[in-house]
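The block underneath contains the structure these notes are about, expressed in structure tokens.
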Amino acid sequence: AQSVTQLDSHVSVSEGTPVLLRCNYSSSYSPSLFWYVQHPNKGLQLLLKYTSAATLVKGINGFEAEFKKSETSFHLTKPSAHMSDAAEYFCVVTGTDSWGKLQFGAGTQVVVTP
Amino acid sequence: DTEVTQTPKHLVMGMTNKKSLKCEQHMGHRAMYWYKQKAKKPPELMFVYSYEKLSINESVPSRFSPECPNSSLLNLHLHALQPEDSALYLCASSQASGGGETQYFGPGTRLLVL
Numbered sequence: 055a056q057s058v059t060q061l062d063s064h065v066s067v068s069e070g071t072p073v074l075l076r077c078n079y080s081s082s083y084s085p086s087l088f089w090y091v092q093h094p095n096k097g098l099q100l101l102l103k104y105t106s107a108a109t110l111v112k113g114i115n116g117f118e119a120e121f122k123k124s125e126t127s128f129h130l131t132k133p134s135a136h137m138s139d140a141a142e143y144f145c146v147v148t149g150t151d152s153w154g155k156l157q158f159g160a161g162t163q164v165v166v167t168p
Numbered sequence: 363d364t365e366v367t368q369t370p371k372h373l374v375m376g377m378t379n380k381k382s383l384k385c386e387q388h389m390g391h392r393a394m395y396w397y398k399q400k401a402k403k404p405p406e407l408m409f410v411y412s413y414e415k416l417s418i419n420e421s422v423p424s425r426f427s428p429e430c431p432n433s434s435l436l437n438l439h440l441h442a443l444q445p446e447d448s449a450l451y452l453c454a455s456s457q458a459s460g461g462g463e464t465q466y467f468g469p470g471t472r473l474l475v476l
């Protein structure tokens, strides 16, 4: 079974400063990990995916995430926030025993101030 | 192209109405999903179709009836809904339904039940 915890429900950053969204997971098997972003009144957009090929995963719009097995973490970062990054972010885990079921974190709301 | 389309974008219905939500993908994906998302919450899985057969039903009330007419189309038939069913309904698809597959989401249908 898998579970995921997003450590911050709300993050506020200034435009141009770094963004850090924290995610911890637990998984019985080798996990696949995802970050999705949801802008207001929109569907979920895939930012990036980890599948054991490389621990540092680069995604769209300048985001990247690092898989740390020893810490069971998959934190999302971006060096410089843009106003368009204001959205809800979900960390998601699934595994080989999941039969297509994604385990979502509770979400982190990102606010970007000018 | 990783596009999943959903119609309608918005739907208002009374508790005695019958309506349908439609989802379409042309990526050759063989797994399709319905999710329900309430405000400020992550999506909750409702149904999974794999190769046009229902493989997972997450104990969804019978007033929601899914249908997969072919590999590109997924419908959700609604009848006698309750006000608490008001939510964003998201469709997703993936190449297969196994663990680790990337799910691509549509923009959703915003449903209001009066």
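Chains as they are written, first to last, in this note's numbering: chain A, 55 to 168; chain B, 363 to 476.
Glycine included, C-beta positions come from ideal geometry on N, C-alpha and C.
- An exposed status is given to B/V374, since fewer than 16 other beta-carbon atoms sit within 10 Å of its beta-carbon.
- A/G116 carries a helical assignment under DSSP once its states are collapsed to helix, strand and coil.
- A/F144 has a beta carbon lying within less than 9 Å of a beta carbon in chain B.
- B/K402 belongs to the set of residues whose beta carbon lies under 9 Å from a beta carbon in chain A.
- A/L130 has a beta carbon lying at 9 Å or more from every beta carbon in chain B.
- Taking a Cβ-Cβ cut-off of 7 Å, the neighbours of B/F467 in chain A comprise G97, L98, given in sequence order.
- The segment 397-410 of chain B makes contact with the segment 418-429 of chain B, as at least three CB pairs between them are under 8 Å.
- Cβ-Cβ separation between A/S134 and A/P72: approximately 7 Å, consistent with a contact (criterion under 8 Å).
- In terms of beta-carbon proximity, B/G390 stays away from the interface with chain A, with every pair separated by 9 Å or more.
- Contact residues of the segment 438-466 of chain B toward chain A are L450, L452, C453, A454, S456, A458, S459, G460, G461, G462, E463, T464, Q465, Y466 (C-beta to C-beta distance below 9 Å).
- Here DSSP, grouped into helix, strand and coil, assigns B/E446 to helix.
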